[in-house]
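Asks: Each number in our numbering corresponds to the 1-based position in the sequence shown with 4 added.
By construction, the Cβ of each residue, glycine as well, lies at the ideal position given by its N, Cα and C atoms.
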Amino acid sequence: MIATLLMTFPPMLLGAQLILTLILVKGEICPGQRGRIHRVLPVLAILWLAVCSLRVEAFMVVFAIFYFYTQVQTKKTREQGPLWLLYLGGGLAATFTLMLAFQAPQSAITLGMITWLVLLGGALAHVLLVTARTRLQAFHRLLPFCGVVSAMVFALSVLWLSYSLDLDAHPHLLMPILSSVVMLIVGIVAWCWHLIRQTDPNKFVILFALILLLGASQVFLSLNSLVTAA
């Protein structure tokens with residue numbers, strides 16, 4: 005169960021890493037916001053450290069992020085830091101994630117893992133941005149919108165996997181599939197809740213959405229193993 009959950013981490017962390025890198029490199033943010041974003045980077049490194057239990061190669065990503073973090077200030081700073089380390093970390097994370105995705109036993113699982121770059125990565129990045137108290141209002145609207153689109157593609161990958169696994173021969177898969185879809189829908193609604201209510205985003209609500217989306221993704225990954233176990 006833990007191993008299945010950890011398999012969802014690399015696409016999620018890569019997506020969040022790319023979004024934060026984009027903001028740090030291209031975003032017009034004040035020194036205070038830059039420093040607060042720097043402070044949340046260790047979260048990514050710690051989660052990548054958990055992935056090392058799957059593949060030790062993930063430690064290279066941990067090293068790149070932590071070394072970048074040690075080279076920047078976490079208070080008000082106008083310095084971008086050694087950006088080549090961010091690019092290196094992103095490249096290593098992308099290579100690692102693509103290796104996992106294309107080693108998946110089903111093409112539908114590969115598609116699902118690719119959608120997690122935006123679905124899970126966007127949700128994690130949104131949690132970190134709200135935690136860092138950034139004033140990037142466009143991202144508070146754009147990230148949930150991209151999440152809705154990626155959730156639609158992920159739902160299609162769930163249907164594709166369901167079809168390829170033959171539900172008639174494996175009726176016990178119906179409940180996991182339904183639970184995955186329900187968690188996906190509720191997670192997306194929770195993520196978009198601040199847009200529905202037209203209020204400021206709440207990090208705890210977005211974190212709740214991320215947990216539901218992780219649950220849906222974990223169930224999706226476990227479907228193939230349930231068939232094997234049967």
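#1: According to DSSP, is residue 196 part of a helix, a strand, or is it coil?
#2: Considering only C-alpha positions, which residue in the set 227, 104, 46, 35 is nearest to residue 167?
#3: Please list, in chain order, all residues of the same chain as residue 86 whose beta carbon is under 7 angstroms from its beta carbon, the five residues on each side excluded.
#4: In angstroms, rounded to a whole number, what distance separates the CA positions of residue 234 and residue 169?
#5: Using only the alpha-carbon positions, how far apart do residue 179 and residue 89 sit?
#6: By how many angstroms is the C-alpha of residue 207 removed from the C-alpha of residue 111?
#7: Which same chain residues end up closer than 7 angstroms to residue 133 when comparing Cβ atoms and leaving out the 5 residues on each side of it in sequence?
#8: I'd like to know whether the C-beta atoms of residue 165 and residue 113 end up nearer to each other than 8 angstroms.
#9: For residue 1, does the three-state DSSP call read helix, strand or coil?
#10: Output the distance between the C-alpha atoms of residue 125 and residue 30, rounded to the nearest integer angstrom.
#11: Answer yes or no: do residue 271 and residue 58 have a C-beta to C-beta separation smaller than 8 angstroms?
#12: Below 8 angstroms on the Cβ atoms is my contact criterion, and I expect residue 138 with residue 41 to pass it. Report the Cβ-Cβ distance as a whole number of Å.
#13: So the candidates are 193, 151, 161, 192; which of them puts its Cα closest to the Cα of residue 181?
#14: What do you reckon, are the CB atoms on residue 158 and residue 128 nearer than 8 angstroms?
#15: For residue 50, is the classification buried or exposed, using 16 other Cβ atoms within 10 angstroms of its Cβ as the cut-off for buried?
Replies: Checking against the coordinates, here is how it stands:
#1: The sequence position of residue 196 within the sequence shown is 192, counting from 1. Coil at residue 196, not helix or strand.
#2: Translated into positions along the sequence shown, residue 167 becomes position 163. Nearest of 227, 104, 46, 35 to residue 167, Cα basis: 227.
#3: Residue numbering aside, residue 86 sits at position 82 when the sequence shown is read from its first letter. For residue 86, where only same-chain residues beyond five positions count, the Cβ hits under 7 angstroms are 72, 75.
#4: Position 230 of the sequence shown, counted from the first residue, corresponds to residue 234. Position 165 of the sequence shown, counted from the first residue, corresponds to residue 169. Note on residue 234: pLDDT 44, under 50, position unreliable in the model; the coordinate value appears next. Straight-line Cα distance between these residues: approximately 12 angstroms.
#5: Numbered from 1 along the sequence shown, position 175 holds the residue referred to as residue 179. Numbered from 1 along the sequence shown, position 85 holds the residue referred to as residue 89. C-alpha separation (whole angstroms): 44 angstroms.
#6: Locating residue 111 in the sequence shown gives position 107, where the first residue counts as 1. Locating residue 207 in the sequence shown gives position 203, where the first residue counts as 1. Each residue's Cα considered, the two are about 34 angstroms apart.
#7: For the purposes of this step, residue 133 is taken as residue 129 along the sequence shown, with counting starting at 1. Once the five neighbours on either side are set aside, the close Cβ partners of residue 133 are 140, 143.
#8: As a first step, residue 165 must be located in the sequence shown, where it is residue number 161. As a first step, residue 113 must be located in the sequence shown, where it is residue number 109. Yes, the pair counts as a contact, with Cβ atoms nearer than the cut-off.
#9: Residue 1 falls outside the range modelled here, since the chain spans only 5 to 234, and no answer is possible.
#10: The residue you call residue 125 lines up with position 121 of the sequence shown. The residue you call residue 30 lines up with position 26 of the sequence shown. Taking the straight line joining both Cα atoms gives about 19 angstroms.
#11: Outside the displayed span of the chain (5 to 234) sits residue 271, for which this structure offers no information.
#12: In the sequence shown, the residue the question calls residue 138 occupies position 134. In the sequence shown, the residue the question calls residue 41 occupies position 37. About 7 angstroms; that satisfies the 8 angstroms criterion.
#13: The residue you call residue 181 lines up with position 177 of the sequence shown. Closest by alpha carbon: 161.
#14: Translated into positions along the sequence shown, residue 158 becomes position 154. Translated into positions along the sequence shown, residue 128 becomes position 124. Contact: no.
#15: As a first step, residue 50 must be located in the sequence shown, where it is residue number 46. Burial call: exposed.
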